[in-house]
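See below for the structure under consideration.
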Amino acid sequence: MANSAVEIGISHAPHEVETSFEIGKLGMWVFLAGETMLFGGLMCVFVLEWIYHGGWGADGAHVNWPLGAINTFVLFTSSLTAALAQGAARVHDSARAKRYLSAAALLGVLFLIIKAFEYAGDYHEGFTPLAALFWSFYYLMTGLHVLHLLGGIVVMFGLALMVNPRTPASWLERKLKYICLYWYFVETVWILLFALVYLAPAAG
Amino acid sequence: MAETTLEAAHSSEAHEKMGFWRAYLFSVDHKVIGKQYLFLGLFMGFVGVFLSYVFRWQLAWPGSSVPLWGKVTAPQYYEVVTMHGTIMVFFVAMPVLLGAFGNFLIPLMVGARDMAFPRLNMASFWTIFVGSVLLLISFFVPGGGSHAGWTNYVPLSDASKYLPGNYWGGNLWLIALAIDFASVLMGGINFLTTAIAMRAPGMTIWRMPLLVWQELVASVLFMLSVGPLIAGVVMLLCDRMVGTGFFLPEKGADPLLWQHLFWFFGHPEVYVVAMPGLGIVQEILPVFSRKPIFGYRMIVWAVIVAGILSFTVWAHHMFVSGMNPVLAEPFSVTTIAISIPFAVMLFAMIATLWRGQITFSTPMLFALGALANFILGGVTGIPLGTNASDIYLHDTYFVIAHFHNTLVPTAIIAGFGGIYYWFPKMFGRMMNETLGKIHFIFTWVGFNMVFIPLFLIGIGGGQRRIYMSSVYTYYKPLQPLHVIATIGLLIIIAGQIPFLINFFMSMFRGAKAPANPWNATTLEWATDSPPPHENFHTIPTVVRGPYDYSLPGMQQDWAPQAASVQAGAAQG
Amino acid sequence: MEQTDFSASDSLKTWGLLVVLLLIGVLTVALGLPRSLALWVIFCVAAAQAYVIGRYYMRLRSEDVLIYTLALLPVVTVIVLAFVLSPDVAMHR
């Protein structure tokens, strides 16, 4: 398999390491820690500016929270299919795992499509990134999230494409674990964004 | 187990069949990648030194024509000082200390065959390569490279109306930095995972060499501090390219926000540079004193405490910025406090030397020079870290002299020490000692000749970032100090010639190096010079700590970390 | 190693919990609740959803202390950042 040839040093036999630790999982968590700082930093600044301005007021009142709520539901369903994919892989049903994985990615695409409609609608009503500080933050934060989601979708589709009847089930289980970790992280970021950038401004 | 076919897949014979591109350019071998980082860092270092030559000439002889540049205009002055700082910190210090030494040494020192994610490792190098290229390109766009200072403060850096004619230079600066940050983050994933999960049997974390500890803490510091700045960089890019007002006062934003985001990262960042540099010194001192490092665990705890504290001191860069004054006292206290773990480390390093059997080899000379100047840099940080005295010293040459006496010893002087020390392992050949010593004298004496006058200029009130000091009458008595400093820089530059000759000639014609020319104990010396592709013919078993030199009852004055290695012989 | 007891029905239950929480959050806005109450509910809902994902999907509870630390340390750092920035950014003159 193309990957194992380059997986030099991915793991040693147990007698060759002092501490056995799943390398892919550890690496993914280190990556997510850095990402938390990125999104966390943005959210922190957003919250501080919100406090300073005493709320976003009229600027935030027009955010399309119903569409945001639908998108949240789409993401929840997507992570459900991701978890189901992990479950299928655990019982070595690679074909079903592949189907669930593709479903998760497709739901991610649906999220992007709805988002595109939302951006277009906002733009049409004059709520561009330059309209107000709130909208600058809105586009920046949701845009960054979109980019991360897109990356996850690409990897998910790529992984799904690589699955064939000869794929070792343990390999698939591991790879799924890592990409699903990432996916749940992106989902968690969205949950916080939904609260900060949709519901809270809409609540006044 | 599927993956332990690695011995078969990656024996030296399989490796030899790779073409030039896979073996040297797009290699996933951490040793090759480490050397790529080293070459890139050295190249960017020479660019950075050239830039300092240009502005130092202007400072010594204002208005004169600088050989190989011409007359320096005001925008050019600010361009060269900005790019000098940016290149040196982000494209020299980090690639060399983390990318080169970290990549090359961590797997060897912990007894692994490679980093945990070799392809990610290769990607991290090419990422910083792209970032470096973009930054260099910015010199040639209309308006030239960024003029806004290496700290890129807003609102100057925010909108064209404040700094006209620097649009693409400023944008490329931000993009190059973001790419650089991504590269170091990728590297950090590898460093942490490898050191946690791939240590050889017997290599407990308390037996890891100090350099590995320093690289790890540096990686954690970077990972936890850079996120908010990446957010800030993206926000600033939006301001510049899209017209948002994240940092513009006239749109209701707080320009100090940029300073906070920058320094929240910027302070841990200087420790990201300092720690690996100190780690290199901590590797060299025991070897050439034939004594264990003093207080190994104490040093580890000091590094960790310093790392934690580094997140609590950043506003000492902002005492005079107009931030809420209520922040001044707490940050002064934390800044003084952070000198304690560093003092612990430095005392431990001095104690390592005490009553040792010292050999003044070239690596040792550089390590000692780095230690001496780092102490000077550290103590001169105290008047800067207390808000009262900083009111006078801020933005003077005192600050410049302070940070050069901390960053240069760790990044450059210790870096050179590391090059001389590990060159035999990297290239399988010995460097020339005489040329090395000449290099050291010119570099170290020249360095002090530059920066001791700069302390005096700062105390005398000499402000930094002044293009044409001759227009200020108060500056006149300070001018001779600038001349001395520039002559010091010319001495440094001259001293790099023996280094370049030594480096390249030794690479091809140096004496063949044995596996362990220094009789050192750590694991990288337990394998061939240079190591085989898979690092170790068999993974070593570690039976002792990393600095067992001259312990009571020993037959010889050192004991290698790995079991069953004959002293002085190559393993396998 | 991995728990094998996280079945499909457990996934479905988690999904259900998340959706219910979502509805609660949406209702606060749809019903036009008073601002402070609405904000409290919204952020508690978000925290609960994040907890649910972290515990059930990401399996944080069954992970090594090291992973736990890696997950929590950035959150703590961001909170510290917010706290120290607030005298300046949230309350600047």
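Chains as they are written, first to last, in this note's numbering: chain B, 11 to 214; chain P, 2 to 573; chain W, 712 to 804.
C-beta atoms are modelled at their ideal positions from N, C-alpha and C, and glycine is treated no differently.
Annotation for K185/B: the continuous alpha helix (DSSP H) segment containing it runs A179 to L203. Contact of L783/W with chain P is not assigned, every C-beta pair being separated by 9 Å or more. Rounded to whole angstroms, the gap between the alpha carbons of I180/P and T313/P is 26 Å. Three or more Cβ pairs drawn from the segment 36-55 of chain B and the segment 788-798 of chain W lie within less than 8 Å of each other, which places the two stretches in contact.
Here the segment 273-286 of chain P does not lie against the segment 330-339 of chain P, with fewer than 3 beta-carbon pairs under 8 Å apart. Per the DSSP secondary-structure output, V67/P pairs in a beta bridge with G71/P. In this structure, T407/P sits away from V451/P, with a CB-CB distance that is not shorter than 9 Å. For R109/B, the closest C-alpha among the options A210/B, T46/B, G168/B and W39/B is that of G168/B. The residues I163, in chain order, have a CB closer than 7 Å to that of V119/B in the same chain once the five nearest residues on each side in sequence are set aside. Residues of chain B with a Cβ closer than 7 Å to the Cβ of S718/W are, in chain order, G97. The alpha-carbon of T46/B is positioned some 10 Å away from that of T198/B. Around M508/P, the same chain offers F428 and R430 as residues with beta carbons nearer than 7 Å, after the five sequence neighbours per side are excluded.
The residue among P175/B, L140/B, G97/B and Y188/B with its C-alpha nearest the C-alpha of S722/W is G97/B. Rounded to the nearest whole angstrom, the CA to CA distance from N153/P to G35/P is 30 Å.
Excluding residues up to 5 positions away in sequence, V67, W70 and V81 lie with their Cβ nearer than 6 Å to the Cβ of V55/P in the same chain.
Restricting attention to M151/B, T177/B and F41/B, the CA atom closest to the CA of Y208/B is found in M151/B.
Taking a Cβ-Cβ cut-off of 8 Å, I735/W has no neighbours in chain B, whose nearest Cβ is about 11 Å from it.
Nearest to W200/B by C-alpha distance, out of G70/B, T82/B, Y188/B and A99/B, is T82/B. The segment 119-130 of chain B and the segment 73-81 of chain B touch, with three or more beta-carbon pairs separated by less than 8 Å.
Closest in C-alpha terms to N167/P, from the list S147/P, F44/P and T523/P, comes S147/P. The residues T83, in chain order, have a CB closer than 6 Å to that of G150/P in the same chain once the five nearest residues on each side in sequence are set aside.
Residue contact check for M324/P against chain B: no CB pair falls below 9 Å. I197/P reaches chain B at T29, F31 and L36, counting residues in chain order whose Cβ is nearer than 8 Å. Contact between W726/W and F204/B is absent: CB atoms are separated by about 16 Å, not below the 8 Å threshold. Taking all protein chains in view, the Cβ of H134/B is surrounded by fewer than 16 other Cβ atoms within 10 Å, so the residue is classified as exposed.
Using a Cβ-Cβ cut-off of 7 Å, R766/W is close to nothing in chain B; its nearest Cβ partner there is about 11 Å away. Its chain contains T335, A338, I339 and P342 as the residues whose beta carbon lies nearer than 8 Å to that of L310/P, once the 5 sequence neighbours on both sides are disregarded; these appear in chain order. Membership of N374/P in the alpha helix (DSSP H) is indicated by the continuous run T363 to V380.
In the DSSP assignment, the residues bridged to Q464/P are T397/P. Separation of the CB atoms of L738/W and V763/W is rounded to 18 Å, and the pair is thereby denied contact status at 8 Å. Rounded to the nearest angstrom, the Cβ distance from Q556/P to R545/P is 14 Å, too far for a contact under 8 Å. Taken in chain order, the members of the segment 789-800 of chain W whose beta-carbon sits within less than 7 Å of a beta-carbon on chain B are V789, L792, A793, L796, S797 and V800. Under the Cβ criterion of 9 Å, S89/B is counted among the residues facing chain W. Taking 9 Å as the CB threshold, G118/B stays off the interface with chain W. Residues of chain W whose Cβ lies closer than 8 Å to the Cβ of Y148/B do not exist; the shortest such Cβ separation is about 16 Å.
Taking a cut-off of 8 Å for Cβ pairs, the segment 30-42 of chain B and the segment 185-197 of chain P touch, as three or more such pairs fall below it.
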